[in-house]
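What follows is a single structure, written as structure tokens, with notes after it.
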Amino acid sequence: MNIAAIERASVAAWPPREQATMGEWVLSAGDGFSRRRNSAVPVGSVPTNIDQRLVDVASWYNARGLESLYRITPLCDPGIDRTLADHGYILEAPTQVMVRGLESLGRSDKVVGECSATETWISAELEAVGVDRSVIGPWLATIEAVPSPSLFVHATDGEETVGAGFGVLGGGFIGVFEVAVRPEHRRRGHARRMMDALHSWGYGLGAQQAFLQVVEENDAALGLYRSIEYEPAYRYWYRRADV
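Position in the sequence shown (first residue = 1) + 34 = our numbering.
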């Protein structure tokens, strides 16, 4: 499994507003919405000046009104995670990255796909995910930054729009993001149909695999993804200062 390739595709699909490097470490900021877009990824071995590096990272995020947050992936030396733990950084949001091949096309009935986030899609996603209204501005900025080629899908049930999600093509993958269904319409196959539509679209444009990220406490989503042949590829988690 090429973890570095999936990481590159993931970052490209969910780009931060601002990015900087400190040695091999990559720092991202994006108005505070989404951990992925507002965290430092400490790639490589433990730097000799690790304590000063943590200070410099904290200063970079403080200057942007953000807490320092680290995303720990298998590309990170385990010693960095231990150092963060020793400095009081608390582990949060352990996440599974899952993949599946795209050998065949799936069905996509009762699903509408468009190349941009329409007002219908935005309303459906807001209702399905339950985005806090206080972060709608940063959330919209995040969605507007999604690159092309991408497909924004929403599921229908009669006259109602009941769920939404999107996929981004890049690096031979389709990354699948934010697939969600309104609570009262769950367990009726809508999420599966949206996933099928995204898989079909990605396969038609030459993607060889699909990937997604799901927090480990989300048992319902994990069950769905396993049922449609997604398999665990690797884990990552975050470290946040205990303040």
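Even for Gly, the Cβ is constructed at its ideal location relative to N, Cα and C. The structure presented is a predicted model; accordingly, all values stated were derived computationally and were not measured.
Per-residue burial, histidine 121 [other beta carbons within 10 Å of its own, 16 or more giving buried]: exposed
Taking 8 Å as the cut-off, does the region 244-261 touch the region 181-198 (at least 3 CB pairs, one atom from each stretch)? no
Quick one, are the C-beta atoms of methionine 132 and alanine 47 less than 8 Å apart? no
Starting from methionine 56, follow its DSSP beta bridges and name the residues at the other end. Trp59
Please determine, among Tyr123, Leu103, Ile40 and Trp173, the residue with the shortest C-alpha to C-alpha distance to leucine 61. Leu103
When you compare the region 85-102 with the region 214-224, are there three or more beta-carbon pairs, one atom per stretch, that lie closer than 8 Å? no
Report the option in Ala241, Asp276 and Arg226 whose CA atom is closest to the CA atom of arginine 260. Arg226
Do you know how far the Cα of proline 81 is from the Cα of valine 210? 34 Å
Spatially closest choice to valine 77 from Ser68, Cys110 and Trp94, by CA coordinates: Cys110
DSSP three-state assignment for glutamine 86, whether helix, strand or coil: helix
Which of the three DSSP states, helix, strand or coil, is assigned to leucine 239? coil
Cα-Cα, which of Ala214, Leu125, Ser184 and Asp65 is closest to alanine 97? Asp65
Quick check on the DSSP output: the alpha helix (DSSP H) that includes serine 299 runs from which residue to which? Here the chain covers residues 35 to 277 and nothing more, so residue 299 does not appear.
To the nearest angstrom, how far is it from the Cα of glutamate 41 to the Cα of glycine 192? 38 Å
With a threshold of 8 Å between beta-carbons, can leucine 136 be considered close to chain C, or not? Protein chain content of the structure displayed is limited to a single chain, and chain C is not contained in it.
Distance, threonine 55 Cα to valine 146 Cα: 39 Å
Could you spell out the range, first to last residue, of the alpha helix (DSSP H) harbouring leucine 174? 170-178
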